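**Student:** Protein sequence lines correspond, in order, to chains A and F.
The working numbering puts the first sequence at residues 31 to 143.
The working numbering puts the second sequence at residues 170 to 283.
Glycine residues also receive a C-beta, built at the ideal position from the N, C-alpha and C atoms.
Values in this document were obtained by computation on a predicted structure and should not be read as measured data.
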Amino acid sequence: DTAVSQTPKYLVTQMGNDKSIKCEQNLGHDTMYWYKQDSKKFLKIMFSYNNKELIINETVPNRFSPKSPDKAHLNLHINSLELGDSAVYFCASSQDGRGTEAFFGQGTRLTVV
Amino acid sequence: AQTVTQSQPEMSVQEAETVTLSCTYDTSENNYYLFWYKQPPSRQMILVIRQEAYKQQNATENRFSVNFQKAAKSFSLKISDSQLGDTAMYFCAFMPYTGNQFYFGTGTSLTVIP
C-alpha cells in the first residue's frame, strides 16, 4: 500500500485550462503539504494543512486553490494554467508537522503547453 | 527568515569510497530540526537522516552520518562505503521547532562511479 499517493503522475495540458491533482495519505497523519519543484530542482512550500485547516499559504497565485475534504486528502486545483506553472508538484504528509519525518508522494509532473 | 545553502551543486565519488555533502543554514531560532532527503531518478523523496538541534549527539543511520555543528550552523552528511544506489540528488532541509514547513536547500547531485 502506497503511503502517500498522488494522481496523476504526469499531466500535459494547454495554457488556460483548469486542472486538479489529487493526494491521499493512509498514514493517519495530521499535517499535509504541497511543494513545487522547479526545473532547477528547487523545492518550495506552497501550502500546509493541519487537520484540514490551512496553516501556511506561501506567496502562491490565487489561481492555486488547495482543498482538504478530510484529514487524509489534500487536493490542488489550478485555474487558468500558465507556462510558468510547469513543474513537479509534490504532496507530503507528516505526523504532526512538528519535526517529524515527512513522507512524500511520487510527484506530479505538470507540463503546460 | 530561514535559508538553507548547499554549496556543492554536483559531486562524484568512487564506489566504496566516502563522500561528504555540505549544508549550512541561517536561523535565529534555538530549537529546530534538520533533515537530509534523497531524490533518486525515480523522483521519490526519501528521508536519509534526521537531527534534532537540541541533541548534541550526531545522528547516524547505517552508512549515513551527520556532522552537526550548531554554533557554525553546519549540517554535513557523510556517506561511507558509497554504493551505486546512492546516486541521487540530496537535499538538506530545515524545520523550525514551531514546525509546519520544511525549508530546502538547492540540492547536491551525487554520482557514484563504478
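1. So H107/A is in the beta strand (DSSP E); what residue range does that whole segment cover?
2. Check this for me: beta carbons of L111/A and V142/A, under 8 Å apart or not?
3. Measure the C-alpha to C-alpha separation of S95/A and I108/A and round it to an integer number of angstroms.
4. Unbroken beta strand (DSSP E) runs of length 3 or more, entirely within the region 58 to 88 of chain A: which are they?
5. Which residues, in chain order, does the region 188 to 219 of chain F contribute to contact with chain A at a C-beta distance below 7 Å?
6. Using the Cβ count rule (16 or more neighbours within 10 Å means buried), how would you classify N200/F?
7. Considering Cα atoms alone, identify which of S197/F, A185/F and M214/F is closest to Y65/A.
8. Cβ closer than 8 Å: which chain F residues qualify as neighbours of S78/A?
9. Distance, Cα to Cα, D48/A vs A262/F?
10. Using a 10 Å radius around the Cβ and a threshold of 16 neighbouring Cβ atoms, would you call I282/F buried or exposed?
11. Cβ of N269/F within 8 Å of Cβ of G127/A?
12. Mind checking which residues open and close the beta strand (DSSP E) that includes A117/A?
13. Consult DSSP for L216/F and reduce its assignment to one of helix, strand or coil.
14. Would you verify that the beta carbon of Y266/F is, or is not, closer than 8 Å to some beta carbon of chain A?
15. Note down, in chain order, every chain A residue with its Cβ under 8 Å from the Cβ of T275/F.
16. Could you tell me which chain F residues have their CB closer than 9 Å to the CB of F120/A, listed as they occur along the chain?
17. Taking G129/A as the reference, which of Q136/A, N87/A, H59/A and D68/A has the closest Cα?
18. Taking Cβ-Cβ distances shorter than 9 Å, what residues in chain A pair up with M221/F?
19. Are any of the Cβ atoms in chain A nearer than 8 Å to that of M180/F?
20. Since A222/F and K239/F are thought to touch, with beta carbons under 8 Å apart, how far apart are those beta carbons, to the nearest angstrom?
21. Could you name the residues of the region 32 to 61 of chain A whose beta carbon sits closer than 8 Å to any beta carbon of chain F, in the order they occur along the chain?
**Tutor:** In brief:
1. Position 77 of the first sequence holds residue 107/A. Counting along the chain, the unbroken beta strand (DSSP E) around H107/A starts and ends at H103 to I108.
2. Mapped onto the first sequence, residue 111/A falls at position 81. Mapped onto the first sequence, residue 142/A falls at position 112. In contact: L111/A and V142/A (Cβ atoms closer than 8 Å).
3. Position 65 of the first sequence, counting from 1, holds the residue named residue 95/A. Position 78 of the first sequence, counting from 1, holds the residue named residue 108/A. In this structure, the CA atom of S95/A is about 6 Å from the CA atom of I108/A.
4. Restricted to the region 58 to 88 of chain A, the beta strand (DSSP E) segments that are unbroken, complete and at least 3 residues in length are 61 to 67, 73 to 80 and 83 to 87, listed in chain order.
5. Correct list: Y202, R212, Q213, M214, L216 and R219.
6. Here the question's residue 200/F lines up with position 31 in the second sequence. Exposed is the call here.
7. Position 35 of the first sequence holds residue 65/A. The residue with the shortest Cα to Cα distance from Y65/A is M214/F.
8. Locating residue 78/A in the first sequence gives position 48, where the first residue counts as 1. N269 and Q270, listed in chain order.
9. Residue mapping note: residue 48/A aligns to position 18 of the first sequence, counting from 1. Residue mapping note: residue 262/F aligns to position 93 of the second sequence, counting from 1. Counting only the Cα atoms, A262/F lies some 32 Å from D48/A.
10. Within the second sequence, residue 282/F is the residue found at index 113, counting from 1. Under the 10 Å beta carbon count, I282/F is surrounded by fewer than 16 other beta carbons and is classified as exposed.
11. Mapped onto the second sequence, residue 269/F falls at position 100. Mapped onto the first sequence, residue 127/A falls at position 97. Cβ atoms of N269/F and G127/A: closer than 8 Å.
12. Position 87 of the first sequence, counted from the start, is the residue given in the question as residue 117/A. Here the beta strand (DSSP E) through A117/A covers A117 to S124.
13. Reading the second sequence from its first residue, position 47 is the one you call residue 216/F. Note: L216/F maps to strand in three-state DSSP.
14. As a first step, residue 266/F must be located in the second sequence, where it is residue number 97. So, interface residue.
15. Start at 1 with the first residue of the second sequence, and residue 275/F comes out as number 106. Within chain A, the residues near T275/F are K70, K71 and F72.
16. Position 90 of the first sequence, counted from the start, is the residue given in the question as residue 120/A. Residues of chain F passing the Cβ test: R212 and M214.
17. Stepping through the first sequence from its first residue, residue 129/A is reached at position 99. With distances taken between Cα atoms, G129/A lies closest to H59/A.
18. Position 52 of the second sequence holds residue 221/F. The sequence given here places Glu at residue 221/F; Met does not occur at that position. Simply G129.
19. Along the second sequence, one-based indexing puts residue 180/F at 11. Chain A contact via Cβ: absent.
20. For the purposes of this step, residue 222/F is identified with residue 53 of the second sequence, where counting begins at 1. For the purposes of this step, residue 239/F is identified with residue 70 of the second sequence, where counting begins at 1. Indeed they touch by this definition, with Cβ atoms about 6 Å apart.
21. Answer set for the region 32 to 61 of chain A: T61.
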